[in-house]
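The opening position of the sequence shown corresponds to residue 0 in numbering that gives the first Met the number 0, with each subsequent residue numbered one higher.
For reference, the structure discussed in these notes is given below.
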Amino acid sequence: MAMIELHGLGLFHGRKHLFSELDARIEWGQRIAIIGDNGSGKSSLLHLLQGGLAPSEGHMERHGGLRVGHVAQVLGGESSLSGGQRVNQALSQALALDPDLLLLDEPTNHLDAANRRSLSRMLEHFHGTLVLVTHDVALMNQTCNTLWHLHNGRLDVFNGSYADYMAERDLQRGLLDKRIAEVRRARDDAHDSLMQEQARAAGARKRGAKAIQNSKWATVRSPTKLGRGNTTAGRKQAQILQQQRELGEQLAELRPEPVIVPRFHLPATGQSSRVLIQVRDGCVGYADTAVLNGIDLQLDGGERLALTGNNGSGKSTLARAILGDPRVWRRGDWLLPAPEQIGYIDQHYATLPADANVQEALSRQVPDWPLEQLRAHLADFLFRHADAVQAPVAGLSGGEKARLSLACIAARPPQLLILDEPTNNLDLRMRAHLLEVLVVYPNALLVISHDRDFLDGLGIDRHFHCVRDHSAKGQ
């Protein structure tokens with residue numbers, strides 16, 4: 000007997016249709032990765048499996064008294080803990096339940112390389128059933144034997160690794176593209192046949208009319224003869240039109256669902272080569288606790304600097320000190336940009352107003368923008384329909400919050416952009432596009448990220464390594 004069975008499951012958030020008619024089973028000991036674009040309903044499906052959310056349609060059967068451990072995507076908790084520390088704390092609490100079913104939502108977010116390896120080893124030795132939402136390809140290939148792909152409101156189930164799934168999708172896409180090309184050729188041939196038949200029929204009518212005028216037949220019979228020709232031509236054209244309609248329907252069924260590719264545009268306010276940040280013998284901390292000592296740091300306009308270090312090493316604390324966060328004290332000599340010249344996206348999206356909807360959040364950044372400009376700007380960041388721009392910020396997925404944060408930054412592009420784990424919660428397609436945009440961003444970047452591939456693609460100029468309770472030095 001399966002652990003969990005889903006029967007015609009559907010979920011709606013207000014007017015937003017996430018998915019419907021989901022049918023699937025979770026077997027005891029199975030290891031499932033749920034993948035899909037941001038906002039497709041992955042986290043909501045995880046909440047349904049947990050039992051903390053009721054479906055809008057269909058039902059779910061859970062067999063046995065299941066103990067369920069759940070680690071959410073964007074974690075609450077003490078602000079003094081780093082993102083990685085908060086993930087580890089939540090994982091420890093979930094595993095302490097000795098769960099039959101472990102539900103993890105983006106568990107590698109905020110984790111450094113050492114903690115990612117530790118998580119992978121832990122999951123290898125976990126003997127219960129595992130369902131995780133992740134964009135971490137390495138984790139999926141190492142840990143999972145089943146893929147659930149949520150897209151376009153439906154669920155595809157694939158038994159195998161992520162690498163096998165992508166190979167199968169590439170094969171099926173190749174076959175689909177070939178079939179689409181065949182149907183399009185047939186449709187074009189049918190169109191050509193229709194044009195030829197219409198031209199032939201027009202010519203026949205013209206010749207017939209002329210022949211009737213010159214004929215010795217009684218005029219009472221002439222229209223009848225001409226009508227029979229028109230009927231035959233009309234029947235043939237109707238057959239071709241019917242063939243065209245059928246081919247059009249086939250093409251609509253074969254054509255893949257349209258993929259919305261986000262168009263980001265972060266205009267520059269004018270690059271400057273002047274020194275933006277200069278810290279000499281700096282020290283930062285909270286209350287009576289020093290986190291980093293002996294900070295010597297310089298960042299020039301247009302330069303790209305990565306803050307590196309293990310979880311809890313003080314990277315985010317240093318970023319907050321640069322921002323002038325009142326919770327963080329700083330000592331030493333500090334030359335910093337004016338606050339309005341700095342843009343910041345933190346790893347928990349805390350800068351977004353929780354009491355606003357999407358459009359209001361942007362409008363607060365640019366109160367002088369007319370509605371048309373607000374909507375056009377939001378559309379570039381995939382908020383394209385009325386329900387999307389009116390959606391409450393508090394109800395957005397992690398990826399949607401990341402997109403909205405970028406939209407707000409882009410509306411007033413700063414001289415210095417600080418990004419704290421910018422790829423967290425973004426699907427693979429969105430990560431790739433974010434990288435494309437930031438590669439051409441002409442102003443200064445200060446980036447905190449454990450995503451080595453992302454940093455390599457970004458073209459980082461220098462690394463600044465942080466070690467808690469020790470000095471922080473550039474590399």
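We put the beta carbon where it would ideally sit given N, CA and C, even for glycine.
> Is there a Cβ from chain C that is less than 7 Å from the Cβ of Val182?
Replying inline: Reference to chain C is not applicable here, since this structure consists of a single protein chain.
>> Check whether the stretch 140-156 and the stretch 329-345 are in contact - that is, three or more C-beta pairs closer than 8 Å.
In response: Short answer: they don't touch.
> How long is the line joining the alpha carbons of Ile447 and Arg326, rounded to whole angstroms?
Replying inline: Cα to Cα, the separation comes out at about 19 Å.
>> I need the DSSP call for Phe453, collapsed to helix, strand or coil.
In response: In this structure, Phe453 counts as helix in the three-state DSSP scheme.
>> When you compare the CB positions of His109 and Leu427, do they come within less than 7 Å of one another, or not?
In response: Not closer than 7 Å, so no.
> Per DSSP, which one or two residues make a beta bridge with Ile344?
Replying inline: Secondary-structure assignment with DSSP links Ile344 through a beta bridge to Leu418.
> Is the CB-CB distance between Arg303 and Leu444 below 7 Å?
Replying inline: Against a cut-off of 7 Å, the Cβ pair of Leu444 and Arg303 comes out as a contact.
> Is His190 helix, strand or coil when you go by DSSP?
Replying inline: Note: His190 maps to helix in three-state DSSP.
> When the Cα atoms are used, what is the spatial distance from Arg30 to Trp328?
Replying inline: Between Arg30 and Trp328, the C-alpha separation is close to 45 Å.
> Since Phe382 and Val365 are thought to touch, with beta carbons under 8 Å apart, how far apart are those beta carbons, to the nearest angstrom?
Replying inline: Contact between Phe382 and Val365 is ruled out by a C-beta separation of about 15 Å, above the 8 Å threshold.
>> For Val466 and Asp345, what's the separation of their Cα atoms in angstroms?
In response: Straight-line measurement puts the Cα of Asp345 at about 20 Å from the Cα of Val466.
> Whose C-alpha, out of Asn310, Gly63, Ile321, is nearest the C-alpha of Cys282?
Replying inline: Comparing Cα-Cα distances from Cys282 to each of Asn310, Gly63, Ile321, the minimum goes to Ile321.
> Hey, is the stretch 60-74 in contact with the stretch 97-104, meaning 3+ C-beta pairs nearer than 8 Å?
Replying inline: With a cut-off of 8 Å, the stretch 97-104 and the stretch 60-74 count as touching, because enough Cβ pairs lie within range.
> Below 7 Å between beta carbons: does that hold for Gly127 and Gly57?
Replying inline: No. Outside cutoff.
> Per DSSP, what kind of secondary structure is Asn158 in: helix, strand or coil?
Replying inline: DSSP, reduced to helix, strand and coil, places Asn158 within a strand of the structure shown.
> What does a CB cutoff of less than 8 Å around Thr316 pick up in its chain, not counting 5 residues either side in sequence?
Replying inline: So the qualifying residues of the chain are Val283, Gly284, Tyr285, Val290, Leu291, Val327.
>> Please report the distance separating the alpha-carbon of Leu415 from that of Leu275.
In response: Cα to Cα, Leu415 sits roughly 8 Å from Leu275.
> Taking the alpha-carbon positions, what's the Arg220 to Arg183 distance?
Replying inline: Residue placement at Arg220 cannot be trusted, given a pLDDT of 49 that sits under 50; what the coordinates show is reported in the next sentence. Their backbone Cα atoms lie some 44 Å apart in a straight line.
> How about Leu129 and Gly40: are their beta carbons less than 7 Å apart?
Replying inline: Taking 7 Å as the Cβ cut-off, Leu129 and Gly40 do not qualify as a contacting pair.
> Considering only the beta carbon of each residue, do Gln141 and Ser119 sit closer than 7 Å?
Replying inline: Yes, they are a contact pair.
> Taking Cβ to Cβ, would you say Gln88 is nearer than 7 Å to Ser42?
Replying inline: It is not a contact, given that the beta carbons lie outside the stated cut-off.
>> In the DSSP output, which residue or residues are listed as bridge partners for Met59?
In response: As a beta-bridge residue in DSSP terms, Met59 pairs with Leu5.
>> If you follow the alpha helix (DSSP H) that Asp379 is in, where does it begin and where does it stop?
In response: First-last of the alpha helix (DSSP H) with Asp379: 370-379.
> Taking the alpha-carbon positions, what's the Arg168 to Arg24 distance?
Replying inline: If you take the alpha carbons of Arg168 and Arg24, they lie about 22 Å apart.
> Quick one, are the C-beta atoms of Leu457 and Leu433 less than 7 Å apart?
Replying inline: Cβ distance not < 7 Å, so Leu457 and Leu433 don't count as in contact.
>> Let's see if you can read the secondary structure: which residues bound the alpha helix (DSSP H) around Gln141?
In response: For Gln141, the uninterrupted alpha helix (DSSP H) segment begins and ends at 136-142.
>> Rounded to the nearest angstrom, what separates Ile33 and Ala305 at their Cα positions?
In response: In this structure, the CA atom of Ile33 is about 31 Å from the CA atom of Ala305.
> With a Cβ-Cβ cutoff of 7 Å, do Asp386 and Arg14 count as a contact?
Replying inline: Cβ distance < 7 Å, so Asp386 and Arg14 count as in contact.
>> Restricting to Cα atoms, I'd like to know which of Pro352, Asp367, Asn423, Trp368 is closest to Pro391.
In response: Closest option to Pro391, judged by alpha-carbon separation, among Pro352, Asp367, Asn423, Trp368: Pro352.
> Under 7 Å between the Cβ atoms of Trp27 and Met59?
Replying inline: No. Outside cutoff.
>> In the DSSP output, which residue or residues are listed as bridge partners for Thr307?
In response: For Thr307, which the question treats as bridged, DSSP gives the partners His464.
> Across which residues does DSSP place Thr145 in a beta bridge pair?
Replying inline: According to DSSP, which records beta bridges pairwise, Thr145 is partnered with Ile31, Asn158.
> Start and end of the beta strand (DSSP E) containing Asp299?
Replying inline: That run of the beta strand (DSSP E) goes 288-299.
> Taking the Cβ atom as the reference point for each residue, do Leu5 and Leu17 lie within a distance shorter than 7 Å?
Replying inline: Going by C-beta atoms, Leu5 is not nearer than 7 Å to Leu17.
> Can you give the beta carbon distance from Val278 to Asp295, rounded, assuming they're within the 8 Å contact cut?
Replying inline: Taking the Cβ atoms as the reference, Val278 lies roughly 7 Å from Asp295, within the contact range of under 8 Å.
> When DSSP labels each residue in this structure, what does Gln72 get in the three-state scheme?
Replying inline: In the structure shown, Gln72 sits in coil (DSSP, three-state: anything other than H, G, I, E or B).
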